[in-house]
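A quick write-up on the structure given underneath.
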Amino acid sequence: MSAVIEEHHHDGHHHGPDKGIMRWVFTTNHKDIGTLYLWFSFLMFLTGGVLALGIRTELFQPGLQIIQPEIFNQLTTMHGLIMVFGAVMPAFVGLANWLIPMMIGAPDMALPRMNNYSFWILPFAFGMLLSTFFMEGGAPNYGWTFYAPLSTDYAPPSVTFFIFAVHMMGISSIMGSINVVVTILNMRAPGMTLMKMPLFVWTWFITAYLLIAVMPVLAGVVTMMLMDIHFGTAFFNAGGGGDPVLFQHVFWFFGHPEVYIMILPAFGVVSAIIPTFARKRLFGYDSMVYATASIAFLSFIVWAHHMFTVGIPLAGELYFMYATMLIAVPTGVKVFNWVATMWQGAMTFETPMLFAIAFVILFTIGGLSGLMLAIVPADFQYHDTYFVVAHFHYVLVPGSVFSIMAAVYYWIPKWTGNMYDETLGKTHFWLSFIGVNVTFFPQHFIGLAGMPRRIPDYALQFADWNMVSSCGAFLFGFSQLLFLFIVIKCIRGGKKATDQVWEGAHGLEWTIPSPAPYHTFTTPPTSMKEAHG
Amino acid sequence: MSGKTEASKTIRQLIFVVVGMFGFGFAMVPLYDVLCDVTGFNGKTAGKYTAKEVQDVREDRLVTIQFLASNNANMPWEFRPKVRTMKVHPGKLNTVEFYARNITGETMVAQAVPSVTPFHAAEFLHKTECFCFEQQQLEAREDLDMPLRFIIDSQIPEAVKTVTLSYTLYDVTEQIGLATN
Ligand code: HEM
Ligand SMILES: [Cu+2]
Numbered sequence: 001m002s003a004v005i006e007e008h009h010h011d012g013h014h015h016g017p018d019k020g021i022m023r024w025v026f027t028t029n030h031k032d033i034g035t036l037y038l039w040f041s042f043l044m045f046l047t048g049g050v051l052a053l054g055i056r057t058e059l060f061q062p063g064l065q066i067i068q069p070e071i072f073n074q075l076t077t078m079h080g081l082i083m084v085f086g087a088v089m090p091a092f093v094g095l096a097n098w099l100i101p102m103m104i105g106a107p108d109m110a111l112p113r114m115n116n117y118s119f120w121i122l123p124f125a126f127g128m129l130l131s132t133f134f135m136e137g138g139a140p141n142y143g144w145t146f147y148a149p150l151s152t153d154y155a156p157p158s159v160t161f162f163i164f165a166v167h168m169m170g171i172s173s174i175m176g177s178i179n180v181v182v183t184i185l186n187m188r189a190p191g192m193t194l195m196k197m198p199l200f201v202w203t204w205f206i207t208a209y210l211l212i213a214v215m216p217v218l219a220g221v222v223t224m225m226l227m228d229i230h231f232g233t234a235f236f237n238a239g240g241g242g243d244p245v246l247f248q249h250v251f252w253f254f255g256h257p258e259v260y261i262m263i264l265p266a267f268g269v270v271s272a273i274i275p276t277f278a279r280k281r282l283f284g285y286d287s288m289v290y291a292t293a294s295i296a297f298l299s300f301i302v303w304a305h306h307m308f309t310v311g312i313p314l315a316g317e318l319y320f321m322y323a324t325m326l327i328a329v330p331t332g333v334k335v336f337n338w339v340a341t342m343w344q345g346a347m348t349f350e351t352p353m354l355f356a357i358a359f360v361i362l363f364t365i366g367g368l369s370g371l372m373l374a375i376v377p378a379d380f381q382y383h384d385t386y387f388v389v390a391h392f393h394y395v396l397v398p399g400s401v402f403s404i405m406a407a408v409y410y411w412i413p414k415w416t417g418n419m420y421d422e423t424l425g426k427t428h429f430w431l432s433f434i435g436v437n438v439t440f441f442p443q444h445f446i447g448l449a450g451m452p453r454r455i456p457d458y459a460l461q462f463a464d465w466n467m468v469s470s471c472g473a474f475l476f477g478f479s480q481l482l483f484l485f486i487v488i489k490c491i492r493g494g495k496k497a498t499d500q501v502w503e504g505a506h507g508l509e510w511t512i513p514s515p516a517p518y519h520t521f522t523t524p525p526t527s528m529k530e531a532h533g
Numbered sequence: 534m535s536g537k538t539e540a541s542k543t544i545r546q547l548i549f550v551v552v553g554m555f556g557f558g559f560a561m562v563p564l565y566d567v568l569c570d571v572t573g574f575n576g577k578t579a580g581k582y583t584a585k586e587v588q589d590v591r592e593d594r595l596v597t598i599q600f601l602a603s604n605n606a607n608m609p610w611e612f613r614p615k616v617r618t619m620k621v622h623p624g625k626l627n628t629v630e631f632y633a634r635n636i637t638g639e640t641m642v643a644q645a646v647p648s649v650t651p652f653h654a655a656e657f658l659h660k661t662e663c664f665c666f667e668q669q670q671l672e673a674r675e676d677l678d679m680p681l682r683f684i685i686d687s688q689i690p691e692a693v694k695t696v697t698l699s700y701t702l703y704d705v706t707e708q709i710g711l712a713t714n
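Chains as they are written, first to last, in this note's numbering: chain A, 1 to 533; chain B, 534 to 714.
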């Protein structure tokens, strides 16, 4: 394999990065851009986290303590928007940038200049979104789902900035996805057939298509809002012949595929990590690919499970109920495959593996509460309660977010050339694991007992579990500072990583030196023996 | 690498999908309206009804119909049904009145938007005359009794014992472009 490996001691004249800040502004290097995305995502994760702690502080006790209802609504809205569009999505794009070229033996992404633009749009989009906090009338306060006419007739003036911020994020995601698809279709090394691609590449390939299909619909719905607000149309205004329920249909046509956009790459990450630490090949590679594709397809035809209570005819309720439950089948296939991969494996439990196993268990809990919500008559009770909050936090935090952390621990030795501190990594894992469960598990109980979501005050009977939940939130939140510390420590030094890093790791990215040189695979690799685990 | 042309072809196709899906978002608007008209989703009632044949009056059945009137936010008019509830025989023509009064000092235009619960009863509620078919313009402090004539279809399922017809009144003065002072 040595022929494929680039010179380790690179000469710096042609191959090295530029010096100083301009390196980052103008860079078209996939590794630099990946790094930028990941740091941006982490910054947004902390920002969104601060807002969440504001929410949990107010909910620590019943009654109104420190945050007034108007501000509270802004906190929940901005928390959701920032975590979804600022933290989770850019983190996966960052991983895609770092890993896809290295995994398919390509020298870079197919469209490097566009790659630079897609990243640099984001700081402006989020700068604009965050600046609404200082505007008259305050930040968006209509929930991350921004249902019209709450977000049109009754919105603060900052809604226009919100709309443009969403447009910019959409453009960024669409450009990023086009880049991913073109890279995967055109830049694979000879011999890297589609069915040899690592699952992370596969899941991103499918995610990119989802993004290309639904981000324009999101752009459309905010454009309609813009027109209703400023140009006198009445898409969502019943008085003018429009219909507010239409908003929900268009939004969720985007929104449900969007939740899968945030989980499919996570499936890819976990499918890379579990085989490494179980020292076995991934069980059922082909079925994983087909399951991912079916989940993506099904995600387009289940959107109204978010709207069971708006008044859909019985036939519609039944259809959306069964279609939604159908998604549990390919999802179950995946969980089964991960468990089967671990079965009788020679397992070790380094930090990435701990996060990956926690992912499998806790994501499954989130999937099961999803199934409960899919039951129409049950959803009439659960809808808009904390049970829904518990559901989607289980799939998104110990789901998507844990997978991102697992990925960072797993690949950071390749990125930096140093091993992270294993003891600290495990400590971070256990603090996060306990924090997440203490925060979100009680929300199932208060949800079933009837506590509505998005309220700053609540009835006394919900007090105990809310207090528990708030304590968990602070534990989880502050543990992430440890994560930051571990990452910085690892960048600055540590035990030198070998090229393969993990004994059981397979794949092209483990054949290049650690840290990965600035340019890799400028000549394509020749052997695909190592393609996937 | 299979060359630049291959890549630009892929890019063109993807941009085509992006533009197409943006259009699809907007296409959902008329699609949705057609679906609602056909199925009565959302409790939307149909427009003016003209009887195709005279219906038998079901003297043996009584359906309770409740009337609700509410104002969209910022709509200051007084608006209420003159009777809140009545029992009617399916197939028979009934008349009720709603009362509206512009309590402000300015001329305003309003539009009432109906909705029926349960939703599947919507297609069995026929309106031969309704103030919601047109907009209402009232001078400052003017008031008006607005008629509604309706028939509950004699085919309405037996299971339906009560129908609620609710109107929300919207201020459309600005959309109409009426000078506000
Ligand atoms: C077996 C799989 C799943 C099923 C059956 C399912 C089902 C549902 C249902 C029925 C709701 C609507 C609940 C209500 O509002 O009353 C819902 C909400 C939600 N789900 Fe899932 N879900 C599944 C997986 C996921 C995944 C993988 C994610 C994201 C990674 C996700 C994210 C969400 C979010 C964010 C919401 C709430 C949206 C909101 O109203 O703010 N779900 N889910
Ligand atoms: Cu959904």
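Every residue gets a Cβ at the ideal spot worked out from N, C-alpha and C, and that includes glycine.
Note down, in chain order, every chain A residue with its Cβ under 7 angstroms from the Cβ of B:Phe559.
Taking the second sequence and counting its residues from 1, one reaches residue 559 of chain B at position 26. In chain order: Gly220.
Can you name, in chain order, every residue of its own chain whose Cβ lies under 7 angstroms from the Cβ of A:Ser432, other than the five neighbours on each side?
Along the first sequence, read from residue 1 onward, the residue named residue 432 of chain A stands at position 432. The answer, listed in chain order, is Phe476 and Ser479.
Along the chain, where does the beta strand (DSSP E) containing B:Lys620 start, and where does it finish?
Position 87 of the second sequence, counting from 1, holds the residue named residue 620 of chain B. First-last of the beta strand (DSSP E) with B:Lys620: Thr618 to Val621.
What did DSSP end up calling A:Met352 once you bin it into helix, strand or coil?
To locate residue 352 of chain A, count along the first sequence from 1; it is residue 352. A small fix is needed here, since residue 352 of chain A is Pro in this sequence, not Met. Looking at A:Pro352 - three-state DSSP - the assignment turns out to be helix.
What's the C-alpha gap between A:Ala208 and B:Arg545?
Sequence index remark: in the first sequence, residue 208 of chain A carries index 208 (1-based). Sequence index remark: in the second sequence, residue 545 of chain B carries index 12 (1-based). Approximately 15 angstroms, taken between the alpha carbons.
Which one or two residues does DSSP pair with A:Pro452 in a beta bridge?
As a working note, residue 452 of chain A is residue 452 in the first sequence. Looking at the DSSP assignment, A:Pro452 forms a beta bridge with A:Thr385.
Mind reading off the beta-carbon distance from B:Met554 to A:Ala234? Whole number of angstroms is fine, and I expect it under 8 angstroms.
Residue 554 of chain B sits at position 21 when you count from the first residue of the second sequence. Residue 234 of chain A sits at position 234 when you count from the first residue of the first sequence. The pair is not a contact, with the Cβ atoms about 23 angstroms apart (cut-off 8 angstroms).
Endpoints, beta strand (DSSP E) assigned at B:Ala602:
For the purposes of this step, residue 602 of chain B is taken as the residue at position 69 of the second sequence. Val596 to Asn604 is the span of the beta strand (DSSP E), which, as asked, contains B:Ala602.
Looking at A:Pro330 and A:Ile274, is the spacing between their C-beta atoms short of 8 angstroms?
One-based indexing of the first sequence puts residue 274 of chain A at position 274. One-based indexing of the first sequence puts residue 330 of chain A at position 330. Contact: no.
Against chain A, does B:Thr695 count as a neighbour if the rule is that its beta carbon must be under 8 angstroms from one of theirs?
If you number the second sequence from 1, residue 695 of chain B lands on position 162. Chain A contact via Cβ: absent.
Is there contact between the region 211–231 of chain A and the region 164–184 of chain A, where contact requires at least three CB pairs shorter than 8 angstroms?
yes
Say whether chain B places a C-beta atom closer than 8 angstroms to the C-beta of A:Asn538.
Because chain A spans 1 through 533 in this model, residue 538 of chain A falls outside it and cannot be assessed.
Where the beta strand (DSSP E) containing A:Asp228 begins and where it ends:
Taking the first residue of the first sequence as 1, we reach residue 228 of chain A at position 228. Counting along the chain, A:Asp228 falls outside any beta strand (DSSP E), though it belongs to the alpha helix (DSSP H) covering Leu199 to His230.
In whole angstroms, give me the CA-to-CA distance for A:Phe162 and A:Asp228.
What you label residue 162 of chain A is simply residue 162 of the first sequence in a count that begins at 1. What you label residue 228 of chain A is simply residue 228 of the first sequence in a count that begins at 1. For A:Phe162 and A:Asp228, the distance between alpha carbons rounds to 15 angstroms.
Using 8 angstroms as the limit for Cβ to Cβ distance, is B:Ala673 near chain A?
Locating residue 673 of chain B in the second sequence gives position 140, where the first residue counts as 1. It does not: the Cβ of B:Ala673 has no partner Cβ on chain A nearer than 8 angstroms.
Closer than 8 angstroms at the beta carbon, the chain B residues around A:Leu246
Taking the first residue of the first sequence as 1, we reach residue 246 of chain A at position 246. Going along chain B in sequence order, the residues near A:Leu246 (Cβ under 8 angstroms) are Met561, Val562 and Tyr565.
Quick check on DSSP: helix, strand or coil for A:Ser514?
Translated into the one-based positions of the first sequence, residue 514 of chain A becomes position 514. Coil at A:Ser514, not helix or strand.
Of the choices B:Ile685, B:Asp704, B:Tyr703 and B:Glu707, whose alpha-carbon is the least far from that of B:Ala697?
Here the question's residue 697 of chain B lines up with position 164 in the second sequence. Here the sequence assigns Thr to residue 697 of chain B, which means Ala is not the residue at that position. Residue B:Ile685 is the option with its Cα nearest to B:Thr697.
Look at the alpha carbon of A:Pro398 and the alpha carbon of B:Thr701, and state the distance between them as a whole number of angstroms.
The residue labelled residue 398 of chain A in the question sits at position 398 within the first sequence. The residue labelled residue 701 of chain B in the question sits at position 168 within the second sequence. If you take the alpha carbons of A:Pro398 and B:Thr701, they lie about 44 angstroms apart.
Can you check which of these residues, B:Ile636, B:Ala655 and B:Glu691, is closest to B:Arg674 by C-alpha distance?
Within the second sequence, the letter at position 141 stands for residue 674 of chain B. Selected option, being the one with the closest Cα: B:Ile636.
Against chain B, which members of the region 108–125 of chain A pass a CB distance test of less than 7 angstroms?
Ala110
When burial is assigned at 16 or more other CB atoms within 10 Å of the CB, is B:Gly580 buried or exposed?
The count along the second sequence starts at 1 and reaches residue 580 of chain B at position 47. Flag for B:Gly580 reads exposed.
Are the C-beta of B:Phe631 and some C-beta of chain A separated by less than 8 angstroms?
As a working note, residue 631 of chain B is residue 98 in the second sequence. Chain A contact via Cβ: absent.
Cβ of B:Met554 less than 8 angstroms from any chain A Cβ?
Your numbering for residue 554 of chain B matches position 21 in the second sequence. Yes, B:Met554 lies at the interface with chain A (some Cβ there is under 8 angstroms from its Cβ).
Which bits of chain B does A:Ala238 rub up against, with CB to CB less than 7 angstroms?
The residue given as residue 238 of chain A occupies position 238 in the first sequence. Within chain B, the residues near A:Ala238 are Val646, Thr701 and Tyr703.
Mapping DSSP to helix, strand and coil, what is B:Asp678?
Taking the second sequence and counting its residues from 1, one reaches residue 678 of chain B at position 145. Of the three classes helix, strand and coil, the one that applies to B:Asp678 here is strand, per DSSP.
Residue burial classification, A:Lys19 (beta-carbon count within 10 angstroms, cutoff 16)
On the first sequence, residue 19 of chain A is found 19 positions in, with the first residue counted as 1. A:Lys19 comes out exposed.
Taking a cut-off of 6 angstroms, which residues have a beta-carbon closer than that to any heavy atom of ligand 1, in chain order?
A:Thr145, A:Val259, A:Met262, A:Ile263, A:His305, A:His306, A:Thr324, A:Ile327, A:Ala328, A:Thr331, A:Gly367, A:Gly370, A:Leu371, A:Leu373, A:Ala374, A:Asp379, A:Tyr382, A:His383, A:Val388, A:His391, A:Phe392, A:Val395, A:Leu396, A:Gly399 and A:Ser400
If we count the other Cβ atoms within 10 Å of its Cβ and call it buried at 16 or more, is A:Ser299 buried or exposed?
The sequence position of residue 299 of chain A within the first sequence is 299, counting from 1. It is buried - the Cβ of A:Ser299 has at least 16 other Cβ atoms within 10 Å.
What residues in its chain sit with their C-beta under 6 angstroms from that of A:Ile404, if we drop five residues either side in the sequence?
In the first sequence, counting from the first residue as 1, residue 404 of chain A sits at position 404. Excluding residues within five positions, the ones whose Cβ falls inside 6 angstroms are Ala91.
Looking at A:Val302 and ligand 2, is the gap between the Cβ and the nearest heavy atom below 7 angstroms?
By 1-based counting over the first sequence, the position of residue 302 of chain A is 302. Under cutoff, so the answer is yes.
Residues from the region 586–606 of chain B in contact with chain A, defined by Cβ distance under 8 angstroms
Asn605 and Ala606
Whose C-beta lies closer than 6 angstroms to the C-beta of A:Pro107 among residues of the same chain, with five residues either side of it excluded?
In the first sequence, counting from the first residue as 1, residue 107 of chain A sits at position 107. Answer for A:Pro107: Phe521 and Thr522, listed in chain order.
If we cut at 8 angstroms on Cβ distances, does B:Thr543 have a partner in chain A?
Translated into the one-based positions of the second sequence, residue 543 of chain B becomes position 10. True, the Cβ-Cβ gap to chain A drops below 8 angstroms.
When the Cα of A:Asp379 is compared with those of A:Gly49, A:Gly447 and A:Thr439, which residue comes out closest?
Here residue 379 of chain A is taken as the residue at index 379 of the first sequence, counted from 1. The option with the nearest alpha carbon to A:Asp379 is A:Gly447.
Quick one, are the C-beta atoms of B:Tyr565 and B:Thr661 less than 8 angstroms apart?
Along the second sequence, read from residue 1 onward, the residue named residue 565 of chain B stands at position 32. Along the second sequence, read from residue 1 onward, the residue named residue 661 of chain B stands at position 128. It is not a contact, given that the beta carbons lie outside the stated cut-off.
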